[in-house]
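2 protein chains.
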Amino acid sequence: MPDLLDFGGAPLMEFASRRLRGKIHAAATAVRYHDGAVLHAHGDDKPGLSIVRSGAVRFGLVDADGTYIATSLLGMGHCFGEATLFAGRKRTHDAVAIGETVIEQIDKARFDRLFDQEPDLARALLNATTRRLYSALDFMDDLRRLPLPVRTAKLVASMANSAKQDGSVACNQADLAFTLGVSRVSVGKTLGDLQNAGILKLGYGKIDIPNRARLHEWIAERSA
Amino acid sequence: MPDLLDFGGAPLMEFASRRLRGKIHAAATAVRYHDGAVLHAHGDDKPGLSIVRSGAVRFGLVDADGTYIATSLLGMGHCFGEATLFAGRKRTHDAVAIGETVIEQIDKARFDRLFDQEPDLARALLNATTRRLYSALDFMDDLRRLPLPVRTAKLVASMANSAKQDGSVACNQADLAFTLGVSRVSVGKTLGDLQNAGILKLGYGKIDIPNRARLHEWIAERSA
DNA sequence: ATAAGAATGCTAAGAATTTAGCATTTTGAG
DNA sequence: CTCAAAATGCTAAATTCTTAGCATTCTTAT
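Set out below in structure tokens:
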């Protein structure tokens with residue numbers, strides 16, 4: 006259960022008023038999943054909006070050669086499934102519960118009704134998806150612009166923001182490697198370099214950040 | 006003025022009814038820009054929604070070392086600036102007109118009024134941004150999953166869809182290289198290989214696709 | 001306390017990519 | 001028609017990244 010990025014954006018529920026949250030709860034059916042349970046598979050035709058009430062969901066795809074590739078991890082308050090409602094897509098990824106997870110599910114019919122009744126829902130959804138879109142664009146920009154050490158540092162810094170424990174990030178190098186889209190060896194080497202530069206300290210399944218300001222400074226110096 | 010990707014999604018105006026389009030036009034102020042004119046710069050604080058009525062807009066950023074890096078190119082019917090309205094961001098990129106371009110501009114106050122009056126606007130915006138978000142996610146997925154030749158072929162194929170001229174795509178290798186986030190040398194080599202494989206033909210500032218089905222087949226065989 | 005599993009550290013060969021040139025071809029403007 | 005600019009083609013060295021493997025360290029469940 007690493008502190009891996011909730012893909013940038015803030016969660017939908019943060020943009021909903023107390024009243025709207027109540028309406029959403031009322032329209033939804035809560036479903037409980039155990040760790041590792043499959044919520045849906047790539048290609049399923051289940052239009053509807055889902056909201057993570059507790060726990061987390063990991064999205065990914067199984068490759069032709071059988072390797073699983075994770076895409077993102079959404080935690081409490083985040084929503085998914087917008088694409089089935091607004092882009093007419095089937096489920097784009099496999100979704101798996103991480104830890105004990107409760108999902109609030111709103112099927113298409115109910116969603117459409119709620120959407121028409123509650124104009125604030127549209128605004129909340131636009132807040133959430135716009136933020137996600139722009140963080141994705143930023144991420145892609147970095148991908149082309151910045152060398153691996155800087156991207157790595159940025160990722161660690163962004164994880165530090167949402168981390169439970171201050172000054173420390175819970176995540177193993179393999180997951181980091183995947184998120185950055187490079188091999189574990191490269192990440193290991195890069196993290197080693199960053200440690201030598203004194204801006205972070207490697208642990209077992211975690212990374213300590215002795216001085217957050219210093220890390221941000223180091224990044225700023227190298228990213229335009 | 007290459008056929009470079011309109012970042013995946015379909016344009017906003019395609020999701021608007023004739024009536025809504027009328028309302029949008031009525032609320033907007035049209036501004037004309039000549040080729041190369043700057044619409045806004047990165048960091049400008051100009052909240053509002055903009056819609057491309059004719060021409061196109063190229064978005065990008067100037068690096069610390071002065072190199073300009075393009076991000077996307079939006080053509081007719083596409084909108085931008087949602088992030089200034091929904092994510093509370095300043096303008097995230099420099100925007101430059103490509104060719105004679107007319108932009109319909111709706112400032113924040115007018116937008117909010119229109120947004121409240123016209124529930125369909127929310128739906129249209131969600132359609133557009135959701136599609137863009139998911140194409141961006143797909144693109145990132147490909148970036149990590151697929152080797153360069155396949156990504157290149159996919160990009161060419163997607164450009165072919167929106168190209169004016171059938172069976173041919175107008176784009177130079179340098180722009181392709183940037184969009185793929187690799188060097189011109191790599192693209193040149195890769196395109197050469199694809200040409201040898203017989204699935205496309207290189208020209209000067211363009212790429213011909215003798216057999217679209219064959220190209221898609223080639224891609225499908227290699228992408229999961 | 002210990003064994004099993006997880007995670008990290010390390011290595012070396014090979015593949016892919018970049019950088020920095022420069023030569024050649026094509027296009028379009030005058 | 002000619003010339004300059006734009007685009008492509010090519011090269012070679014240097015760098016970065018990957019793959020594949022195995023040893024070591026750390027954690028946790030029994």
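Chains as they are written, first to last, in our numbering: chain A, 6 to 229; chain B, 6 to 229. Here a beta-carbon is modelled for each residue, glycine too, at the ideal position from N, C-alpha and C. Being a predicted model, the structure only gives us computed values, none of them experimental.
Compare the C-beta of residue i against all C-beta atoms of chain B and say whether one is closer than 8 Å.
i, result
"residue 137 of chain A", "yes"
"residue 74 of chain A", "yes"
"residue 146 of chain A", "yes"
"residue 180 of chain A", "no"
"residue 34 of chain A", "no"
"residue 25 of chain A", "no"
"residue 166 of chain A", "no"
"residue 142 of chain A", "yes"
"residue 225 of chain A", "no"
"residue 46 of chain A", "no"
Check residue i in the structure and name its three-state DSSP category.
i, result
"residue 87 of chain B", "helix"
"residue 170 of chain A", "coil"
"residue 97 of chain B", "coil"
"residue 206 of chain A", "strand"
"residue 214 of chain A", "coil"
"residue 61 of chain B", "strand"
"residue 197 of chain A", "helix"
"residue 104 of chain A", "strand"
"residue 27 of chain A", "helix"
"residue 32 of chain A", "helix"
"residue 75 of chain B", "strand"
"residue 45 of chain B", "strand"
Assuming residue i contacts residue j (C-beta within less than 8 Å), just tell me the rounded distance between them.
i, j, result
"residue 58 of chain A", "residue 101 of chain A", "Their Cβ separation, rounded to whole angstroms, is 16 Å, which puts residue 58 of chain A and residue 101 of chain A out of contact at 8 Å."
"residue 186 of chain A", "residue 156 of chain B", "Between residue 156 of chain B and residue 186 of chain A the Cβ distance is about 12 Å, and since that is not below 8 Å, they are no contact."
"residue 211 of chain B", "residue 175 of chain B", "5 Å"
"residue 75 of chain B", "residue 63 of chain B", "6 Å"
"residue 131 of chain A", "residue 119 of chain B", "About 14 Å; that fails the 8 Å criterion."
"residue 123 of chain A", "residue 25 of chain A", "6 Å"
"residue 88 of chain A", "residue 139 of chain B", "5 Å"
"residue 79 of chain B", "residue 61 of chain B", "6 Å"
"residue 96 of chain A", "residue 147 of chain A", "Incorrect: roughly 28 Å between the Cβ atoms, too far for contact."
How would you label residue i, buried or exposed, when you count the other beta carbons within 10 angstroms and need 16 or more for buried?
i, result
"residue 8 of chain A", "The predicted position of residue 8 of chain A is uncertain, since its pLDDT is 47 and thus under 50; no value can be drawn from it."
"residue 215 of chain B", "exposed"
"residue 207 of chain A", "exposed"
"residue 165 of chain A", "buried"
"residue 39 of chain B", "exposed"
"residue 209 of chain B", "exposed"
"residue 190 of chain A", "exposed"
"residue 6 of chain A", "With a pLDDT of 35 at residue 6 of chain A, under the threshold of 50, the predicted position of this residue should be treated as unreliable, though the coordinate-derived value follows. Residue 6 of chain A should be labelled exposed."
"residue 99 of chain A", "buried"
"residue 192 of chain A", "buried"
"residue 188 of chain A", "exposed"
"residue 167 of chain A", "exposed"
"residue 225 of chain A", "exposed"
"residue 34 of chain B", "exposed"
"residue 159 of chain B", "buried"
"residue 43 of chain A", "exposed"
If we cut at 8 Å on Cβ distances, does residue i have a partner in chain A?
i, result
"residue 186 of chain B", "yes"
"residue 157 of chain B", "no"
"residue 106 of chain B", "no"
"residue 99 of chain B", "no"
"residue 198 of chain B", "no"
"residue 6 of chain B", "Because residue 6 of chain B sits at a pLDDT of 35, beneath the cut-off of 50, its placement in the model cannot be relied upon, and the following sentence gives the value as read from the coordinates. Not an interface residue."
"residue 215 of chain B", "no"
"residue 116 of chain B", "no"
"residue 87 of chain B", "yes"
"residue 121 of chain B", "yes"
"residue 195 of chain B", "no"
"residue 130 of chain B", "yes"
Item to check | Runs of alpha helix (DSSP H) lying entirely within the segment 121-191 of chain A, each at least 4 residues, in chain order | outcome: 124-150, 153-167 and 178-185
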